[in-house]
Structures are given as structure tokens and as C-alpha cells.
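**Q** I'd like to ask you about the structure that follows.
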Amino acid sequence: MSKKFYNQQLKAQRLSPLVVSYVKSLLAPIDTDNERSAFTVRLNTNADPLSRDYKAFWKYQSKFTLEFVKALESVLPLDVRLVQYDHLNNIATLERKS
Numbered sequence: 000m001s002k003k004f005y006n007q008q009l010k011a012q013r014l015s016p017l018v019v020s021y022v023k024s025l026l027a028p029i030d031t032d033n034e035r036s037a038f039t040v041r042l043n044t045n046a047d048p049l050s051r052d053y054k055a056f057w058k059y060q061s062k063f064t065l066e067f068v069k070a071l072e073s074v075l076p077l078d079v080r081l082v083q084y085d086h087l088n089n090i091a092t093l094e095r096k097s
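With numbering that gives the first Met the number 0 as the guide, the letters of the sequence shown map in order to residues 0 to 97.
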């Protein structure tokens, strides 16, 4: 479904399930044991720093942000939701569901 913005036709964004599953496998476990209702976490990878996977993780983080955020949402526990993801500083703001 395309949307109109003034006189421009905007394309619907599509994501690659292959990239999402690859990023999910590279994401390090996220610490969600915070007592607060809203908190921030820094994301990292569990890949070896000298490996090809490490470089691919940071490439996907900077160039494929839609897939990266979808992978992040899918690894979060059910009682936590993603509020915001700052890809320039690599910080995710999470919130506990009530």
C-alpha cells in the first residue's frame, strides 16, 4: 500500500525475513531485569569481534534499521515493549507493559 505525501508517491516499506532472522541470531541477550517501568539498554552482538558476523551485525544495525528493529522486537520478552530505538547511539528505550 502506497501513501501520498503532498504530490509524491511514497513506497510501502518491505523488510527481509532473512535479514531479520540473521540479526536475531547475532543479538546478544538483552538485560530486561530493570525494576523501572521504562528503561534504556545498549545493544550488542554475541559474535567474535574479529569475525565476519561481527562486521555484518554492525552493517545491518546502520543500514538495515527496519530489519534490525523487527529482530529486536521479536527477541524481547512478552511483558516488555520497544518504545524507541536510536540507531545513531545504539540505544533502545524499553517499557514494561501494564
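Where a beta carbon is used, it is the ideal one built from N, C-alpha and C, also for glycine.
Can you check whether the CB of residue 75 is closer than 9 Å to the CB of residue 31?
**A** Yes, Cβ-Cβ distance for residue 31 and residue 75 is below 9 Å.
**Q** Within its chain, find whatever has a CB closer than 7 Å to the CB of residue 14; leave out the 5 residues flanking it on each side and keep chain order.
**A** Here the set comprises 65, 66 and 69.
**Q** Exposed or buried, residue 82, counting other C-beta atoms within 10 Å across all chains shown (16 or more means buried)?
**A** Answer is exposed; the Cβ neighbour count stays below 16.
**Q** Check this for me: beta carbons of residue 26 and residue 49, under 9 Å apart or not?
**A** No. Outside cutoff.
**Q** Where does residue 87 land, buried or exposed, given buried means 16+ other C-beta within 10 angstroms?
**A** Under this definition residue 87 is an exposed residue.
**Q** Give me the Cβ distance between residue 63 and residue 44, rounded to the nearest whole Å; I'm assuming they're in contact under 8 Å.
**A** Contact doesn't hold; Cβ gap of about 14 Å is too wide.
**Q** Which full runs of the beta strand (DSSP E) of 3+ residues lie inside the segment 24-64, going along the chain?
**A** The segment 24-64 contains these whole beta strand (DSSP E) runs: 37-41.
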